[in-house]
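Sequential numbering of the sequence shown, starting at 15, is according to the working numbering.
All residues carry an ideal CB built from backbone N, CA and C; glycine is no exception.
Just so it is clear, the structure is predicted and the values come from calculations on it, not from any experiment.
Worksheet: the structure to be examined is printed underneath.
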Amino acid sequence: MGEKTLTRMDLSEAVFREVGLSRNESAQLVESMLEHMSDALVRGEQVKISSFGTFSVRDKSARIGRNPKTGEEVPIQPRRVLTFRPSHLMKDRVAEGNRR
């Protein structure tokens, strides 16, 4: 399977080609959109994109972990983690792509 990564530049190039904005305006639009999404997540809000999925932040409490090498117990600090839950349409689309 080819390992291509979709970058900000790829997104702004797609906006440039498909929407017709200048390259500069396309890059600014993509940056602005990503910044709005990031800001919402920092505030603890969910970001739902229809037919794509939901990004959310989850608070994980402190717990005791274990070093797999030594078996020693290690405290794990509480933290916030970013999660993504794909929509059913996205899951189906990805699964369909695997069959090709």
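message = Mapping the DSSP letters down to three states, classify F66 as helix, strand or coil.
response = As a working note, residue 66 is residue 52 in the sequence shown. The answer is coil: DSSP assigns F66 none of H, G, I, E or B.
request  = Let me know if V56 comes out buried or exposed under the rule of 16 or more other beta-carbons within 10 Å of its beta-carbon.
outcome  = Working through the sequence shown from its first residue, we reach residue 56 at position 42. It is exposed - the Cβ of V56 has fewer than 16 other Cβ atoms within 10 Å.
inquiry  = For a quick check, are the C-beta atoms of Q60 and F66 less than 8 Å apart?
reply    = Residue mapping note: residue 60 aligns to position 46 of the sequence shown, counting from 1. Residue mapping note: residue 66 aligns to position 52 of the sequence shown, counting from 1. No.
message = Between which residues of its own chain and S26 is the CB-CB distance below 6 Å, once the five residues before and five after are set aside?
response = Sequence index remark: in the sequence shown, residue 26 carries index 12 (1-based). Hits under 6 Å: S40, A41 and V44.
task = Please name the residue, chosen from R94, R99 and R77, that lies closest to E87 on a Cα-to-Cα basis.
result = Against the sequence shown, residue 87 aligns to sequence position 73. For E87, the nearest C-alpha among the options comes from R77.
inquiry  = Considering just the uninterrupted stretch of the beta strand (DSSP E) at E87, what are its terminal residues?
reply    = Within the sequence shown, residue 87 is the residue found at index 73, counting from 1. First-last of the beta strand (DSSP E) with E87: E87 to I90.
query = On the three-state DSSP scale, how would you describe L96?
reply = Numbered from 1 along the sequence shown, position 82 holds the residue referred to as residue 96. If DSSP states are grouped into helix, strand and coil, L96 belongs with the strands.
ask   = So, does the CB of R22 fall closer than 8 Å to a CB anywhere in chain D?
value = Checking the listed chains, one finds no chain D in this structure; it contains a single protein chain.
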